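Each residue of the sequence shown is one higher than the one before, counting from 53 in the working numbering.
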Amino acid sequence: MNNNWIIKNSPPVVCGILGESLKFPSRNIYCVGRNYRDHAKEMGSDPDREQPFFFQKTSDVLVNDGSEIEYPKDTSNFQYEVELVVAISEDAFQINDAEAKNKVFGYALGVDITKRDLQKKSKDSGKPWFSGKVFYGSAVLSDIVPLKKSIDPDKMRISLSVNGQQKQNSGCNKMIWNVFELISILSQTIPLKAGDLIFTGTPAGVGQLQKGDLVSADLDQPNAISLSFSVI
Ligand code: MN
């Protein structure tokens, strides 16, 4: 460890862990686009033809369960996307699917929040999705369920409700590319490191949020986890 930094090093954004007092230090957030057929179709594309593609959020935009998220001034189409999130436990570079299973610290529930109008504008003009996807509060994360308390992701379900009305609900076995394939594919070009988080894509049912909405989401498994946040 180098203690001779010329400025003070910033501590990582903290993530809670189910049943543990120790915390998980977040690092990069990688997100996969269109990883459920039903969502790819609702966004107007043909998922069967696509290799997975990724974008990245910085963990500095991450907020925890129970947050109040301010409706941004620069959008009029502010949307939720509930996702299974994988937390990485140790360095992983150029590994295969089987090795990927040993790099998982645990699973959490996340909401990838999107300014859909800005994302569409970027898409239509061939620019990166940055303005629509990366802003403070654009990643909401529950506590992480450690691997030893978790079942296989194929057997989990994720769901999201707005003001008590269910909008999204899907088995995680509906992913086009499963968790371990995603880790392996990302690791071919990027050295994944302990603390990285992967948002694994959203099922159908994405929609708009308004000021005053209360959002709740659930990761359904024996050690279930949930999160909620409000839009102010
Ligand atoms: Mn997403």
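Don't be surprised by glycine CBs; every beta carbon is placed ideally from N, CA and C.
Since this is a predicted model, take the numbers as computed values, not measurements.
### Task
Mind listing, in chain order, the continuous alpha helix (DSSP H) runs of no fewer than 4 residues lying wholly within the region 231-281?
Correct list: 231-241.
### Query
At what residues does the beta strand (DSSP E) containing Gln103 begin and finish?
Taking the first residue of the sequence shown as 1, we reach residue 103 at position 51. Taken as a continuous stretch (DSSP letters only), Gln103 belongs to no beta strand (DSSP E), as it is neither H nor E.
### Message
Is it buried or exposed, Pro77, if we count other Cβ atoms within 10 angstroms and call 16 or more buried?
### Response
Stepping through the sequence shown from its first residue, residue 77 is reached at position 25. That one is exposed.
### Task
Could you check which residue in Val156, Asp98, Gly189, Ala150 has the C-alpha nearest to that of Leu249?
The count along the sequence shown starts at 1 and reaches residue 249 at position 197. In this structure, Val156 is the residue among Val156, Asp98, Gly189, Ala150 with its C-alpha nearest to the C-alpha of Leu249.
### Query
How about the region 124-135 and the region 152-168: do they share at least three Cβ pairs that are nearer than 8 Å?
Using a C-beta cut-off of 8 Å, the region 124-135 makes contact with the region 152-168, since at least three inter-stretch Cβ pairs fall below that distance.
### Rounded distance between the beta-carbons of Ser177 and Asp270, thought under 8 Å
The residue labelled residue 270 in the question sits at position 218 within the sequence shown. The residue labelled residue 177 in the question sits at position 125 within the sequence shown. 37 Å between Cβ atoms; not a contact.
### Query
Would you say Pro64 faces chain D, with C-beta separation under 9 Å as the test?
The structure shown contains no chain D; it holds only a single protein chain.
### Contact test: Cys83 Cβ vs the ligand MN heavy atom, cutoff 8 Å
For the purposes of this step, residue 83 is identified with residue 31 of the sequence shown, where counting begins at 1. At least one heavy atom of the ligand MN is nearer than 8 Å to the Cβ of Cys83, so yes.
### Three or more C-beta pairs below 8 Å linking the region 214-231 and the region 80-93
With a cut-off of 8 Å, the region 80-93 and the region 214-231 count as touching, because enough Cβ pairs lie within range.
### Query
Helix, strand or coil: how does DSSP classify Gly184 here?
Indexing the sequence shown from 1 puts residue 184 at position 132. Collapsing the DSSP output to three states places Gly184 in a helix.
### Task
Please specify which runs of the alpha helix (DSSP H), each continuous and at least 4 residues long, are wholly inside the region 164-232, giving them in chain order.
168-176, 182-185, all fully within the region 164-232.
### Message
Any heavy atom of the ligand MN inside 8 Å of the beta-carbon of Glu102?
### Response
Position 50 of the sequence shown, counted from the first residue, corresponds to residue 102. Outside the cutoff, so no.
### Task
Taking Ala92 as part of the alpha helix (DSSP H), name the residues at either end of that continuous run.
Residue 92 sits at position 40 when you count from the first residue of the sequence shown. Counting along the chain, the unbroken alpha helix (DSSP H) around Ala92 starts and ends at 89-94.
### Task
On a CA-only basis, which of Gly264, Asn275, Lys201, Ser222 is nearest Thr252? Give me that one, please.
Within the sequence shown, numbered from 1, the residue matching residue 252 stands at position 200. Relative to the Cα of Thr252, the nearest Cα in the group Gly264, Asn275, Lys201, Ser222 belongs to Ser222.
### Task
Report yes if the C-beta distance between Asp143 and Ser280 is below 9 Å; otherwise report no.
Taking the first residue of the sequence shown as position 1, residue 143 is located at position 91. Taking the first residue of the sequence shown as position 1, residue 280 is located at position 228. No, Cβ-Cβ distance for Asp143 and Ser280 is not below 9 Å.
### Query
Tell me, which residues are paired with Gln146 by DSSP?
By one-based count along the sequence shown, residue 146 stands at place 94. Gln146 is not bridged by DSSP to any residue.
### Message
Starting from Pro77, trace the beta strand (DSSP E) in both directions and tell me its first and last residue.
### Response
Position 25 of the sequence shown, counting from 1, holds the residue named residue 77. 72-77 is the span of the beta strand (DSSP E), which, as asked, contains Pro77.
### Task
Figure out for me which residue from Asp195, Asn148, Lys245, Asn56 has the closest Cα to the Cα of Val137.
For the purposes of this step, residue 137 is taken as residue 85 along the sequence shown, with counting starting at 1. The shortest C-alpha separation from Val137 is found at Asp195.
### Query
Since Ser282 and Glu120 are thought to touch, with beta carbons under 8 Å apart, how far apart are those beta carbons, to the nearest angstrom?
Within the sequence shown, residue 282 is the residue found at index 230, counting from 1. Within the sequence shown, residue 120 is the residue found at index 68, counting from 1. Contact between Ser282 and Glu120 holds, with the beta-carbon distance rounding to 5 Å and staying under 8 Å.
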